[in-house]
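Data block below; observations after.
2 protein chains.
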Amino acid sequence: MLMHNPPHPGEVLKELCIEPLGLTVTDAAKGLGVSRKTLSAILNGKSGISPEMAVRLSIAFNTSSESWLNQQSQYDLWQAERHRKELHVTQLSAA
Amino acid sequence: MLMHNPPHPGEVLKELCIEPLGLTVTDAAKGLGVSRKTLSAILNGKSGISPEMAVRLSIAFNTSSESWLNQQSQYDLWQAERHRKELHVTQLSAA
DNA sequence: ATTATTGACACCCGATACGTTACGGGTTAC
DNA sequence: GTAACCCGTAACGTATCGGGTGTCAATAAT
Chain L
18 MLMHNPPHPG EVLKELCIEP LGLTVTDAAK GLGVSRKTLS AILNGKSGIS PEMAVRLSIA
78 FNTSSESWLN QQSQYDLWQA ERHRKELHVT QLSAA
Chain B
18 MLMHNPPHPG EVLKELCIEP LGLTVTDAAK GLGVSRKTLS AILNGKSGIS PEMAVRLSIA
78 FNTSSESWLN QQSQYDLWQA ERHRKELHVT QLSAA
């Protein structure tokens, strides 16, 4: 089933990892091995979480990479589903 | 936990949807509303399944879009995990 | 006030999804 | 043989996106 209005993974990252640890974006970016801009873009919903970034997050925050990437997938899918009608696709399998 | 060596989603698509229905790549592509090249690339592992494509597949084959996109995520993640060592990331949370 | 931090902007690059067109290699039917 | 399919794919273009670098202005902390 589809979640409705899933939050952007960047929000979750900020609220669950960055803020609780009192990390600055600059320091967190340094720890993740990416630029400050890259992390900032994610935290502010401008970029998604790439597979490589999911692995970085899993190492830095001792979490699972799947959870990050699945969150991103749910988010992307929810965006894509909103244009379901505009993709003229015909049934190929039996209903 | 991580699956090991997840199959490319294109293989699954071919074996579970295209072949059982006796569909040609040309006809399936037409039904999906994409070019023959685009579908061919997916079936042969040259391209991944985009969120939009997942929605197309869900309509044409009466399946869930999440399942397609999750398969792709698992595949992408498995590729990314293989370079875990080369991403110099430092621990930020308590172990 | 000075410094640190941050978000927003520009521009660059590389990867990727998708389209059209076109080719060459198969198979099958005539 | 030749015509009609089907297929993979190379070559061109489009657009989007993640990521790096740099700059700048607003804000927060000292």
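Protein chains in written order, with this note's numbering: chain L, 18 to 112; chain B, 18 to 112. Here a beta-carbon is modelled for each residue, glycine too, at the ideal position from N, C-alpha and C. Quick caveat: nothing in here was measured; it's all calculated off a predicted structure.
Taking 9 Å as the CB-CB cut-off, is residue i touching chain B?
i, result
"residue 61 of chain L", "no"
"residue 26 of chain L", "no"
"residue 32 of chain L", "no"
"residue 57 of chain L", "no"
"residue 87 of chain L", "yes"
From which residue to which residue does the alpha helix (DSSP H) around residue i run?
i, result
"residue 26 of chain L", "26-30"
"residue 54 of chain L", "53-60"
"residue 89 of chain B", "82-98"
So what's residue i in DSSP terms, helix, strand or just coil?
i, result
"residue 66 of chain B", "coil"
"residue 111 of chain L", "coil"
"residue 50 of chain B", "coil"
"residue 42 of chain L", "helix"
"residue 74 of chain L", "helix"
"residue 33 of chain L", "helix"
Is residue i close to chain L, meaning its C-beta is less than 9 Å from at least one C-beta of that chain?
i, result
"residue 83 of chain B", "yes"
"residue 100 of chain B", "yes"
"residue 52 of chain B", "no"
"residue 107 of chain B", "yes"
"residue 79 of chain B", "yes"
Requested in this report: Indicate whether the contact test is met: 3 or more Cβ pairs, each with one atom in the segment 65-76 of chain B and one in the segment 89-102 of chain B, closer than 8 Å.
Outcome: A contact exists between the segment 65-76 of chain B and the segment 89-102 of chain B.
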